[in-house]
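Read through the structure below, which is laid out as structure tokens, and then see the notes.
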Amino acid sequence: MDTAEILKRVRRLEIKTRGLSNHIFSGEYHSAFKGRGMSFSEVREYQFGDDIRSIDWNVTARFNHPFVKVFEEERELTLMLMVDVSESSVFGTSKQNKRNMITELCAVLAFSAINNNDKVGVIFFSDGVEKYIPPKKGKSHILFIIRELISFEPKRKGTNIKETLRFFNNATKKRSIVFLMSDFLTGSYQDALNIASKRHDMVGIHVYDQRDKELPSVGLIQMNDLETGERQWVDSSDKQVQQYYTQQFNQHVQYCRNSFKKSGADLISIRTDEDYVKALQNFFVNR
1 MDTAEILKRV RRLEIKTRGL SNHIFSGEYH SAFKGRGMSF SEVREYQFGD
51 DIRSIDWNVT ARFNHPFVKV FEEERELTLM LMVDVSESSV FGTSKQNKRN
101 MITELCAVLA FSAINNNDKV GVIFFSDGVE KYIPPKKGKS HILFIIRELI
151 SFEPKRKGTN IKETLRFFNN ATKKRSIVFL MSDFLTGSYQ DALNIASKRH
201 DMVGIHVYDQ RDKELPSVGL IQMNDLETGE RQWVDSSDKQ VQQYYTQQFN
251 QHVQYCRNSF KKSGADLISI RTDEDYVKAL QNFFVNR
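For the sequence shown, full-length UniProt numbering assigns the number 1 to the initial residue and increments by one for each residue that follows.
Following this line, the structure appears as structure tokens:
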């Protein structure tokens with residue numbers, strides 16, 4: 001894809017997702033995550049009804065009169081987008097592939113964040129961290145992120161969420177809102193997710209294609225694993241094969257749900273041919 005085409009796609013995506021952010025998501029986004037942290041504001045004299053646990057004993061001793069610490073809700077948040085760019089993310093059989101869906105989701109969330117004067121950063125990952133963009137504010141930064149989402153070419157094919165979460169846990173000390181977007185076709189990541197969820201506000205977005213769940217009945221087909229390169233011939237018209245295929249997918253989804261639930265994090269599932277606007281709205285409203 002040449003530079004001109006990339007810029008056209010950036011502009012089209014900006015118009016679509018910024019409109020959604022301005023008219024639909026900005027308020028919901030902020031309402032869902034506000035109040036996740038408190039920062040020190042000032043010290044004032046003690047008033048009847050104040051919590052004695054908020055008394056500042058150093059200032060009280062200095063003036064021989066009770067003073068309390070006042071905290072206020074942190075207005076500035078940090079949004080981190082963790083984006084799966086492994087080979088399986090380019091799979092798609094309907095309106096768009098998983099990578100394109102994830103790109104739109106990232107753009108909507110990013111514009112929602114800057115509308116609230118928050119910082120936005122990104123981690124691109126495959127079977128390791130491919131690229132880290134530190135959190136910053138501003139429209140130009142968001143447009144840079146969108147360009148990278150559209151044009152980024154990973155060096156590796158696999159998926160390793162555990163190592164990506166470990167990198168994030170070590171690289172980011174300030175509490176952040178984290179959207180982890182992937183089809184989650186990877187090994188166990190429970191321990192790393194537990195640690196990240198204690199430090200940050202974690203939300204997983206499971207993006208999948210209809211054909212990840214259901215085989216089309218078209219007879220003998222060759223199936224390729226995009227990440228390992230493994231190939232296998234399958235009779236897609238065989239009812240037992242179809243049932244086994246769907247069962248494996250359902251078990252995979254249940255594992256994802258259990259992993260996020262155990263860690264105290266949220267998980268949203270969105271199919272590539274579904275309306276992600278409704279899915280995000282429901283999440284923000286019910287959170």
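Just so it is clear, CB atoms sit at the ideal spot from N, CA and C, and this is done for glycine as well. Computed from a predicted structure; not experimentally measured.
- If you compare the alpha carbons of G92, Q248, A196, L185 with that of G264, the shortest gap goes to A196.
- Judged by DSSP secondary structure, H206 falls within the beta strand (DSSP E) whose first and last residues are 201-208.
- When the Cα atoms are used, I102 and V83 turn out to be separated by approximately 7 Å.
- The beta carbons of K162 and G128 sit no closer together than 8 Å.
- The alpha-carbon of Y208 is positioned some 24 Å away from that of G121.
- If you check the CB distance, R44 and V10 do not come in under 8 Å.
- A distance below 8 Å separates the beta carbons of E227 and S88.
- Rounded to the nearest whole angstrom, the C-alpha separation of Q47 and W57 is 15 Å.
- Only residues of its own chain outside the window of five on either side were considered, and among them K119, V120, G121 have a CB closer than 8 Å to the CB of K136, listed in chain order.
- A Cβ-Cβ distance of about 47 Å is found for the pair G219 and D201, leaving them out of contact under the 8 Å criterion.
- Spatial neighbours of Y245 in its own chain (CB-CB distance under 7 Å, excluding positions within 5 residues in sequence) are listed in chain order as L215.
- The shortest C-alpha to C-alpha distance from E42 to any of G49, A61, I55, H141 is the one to I55.
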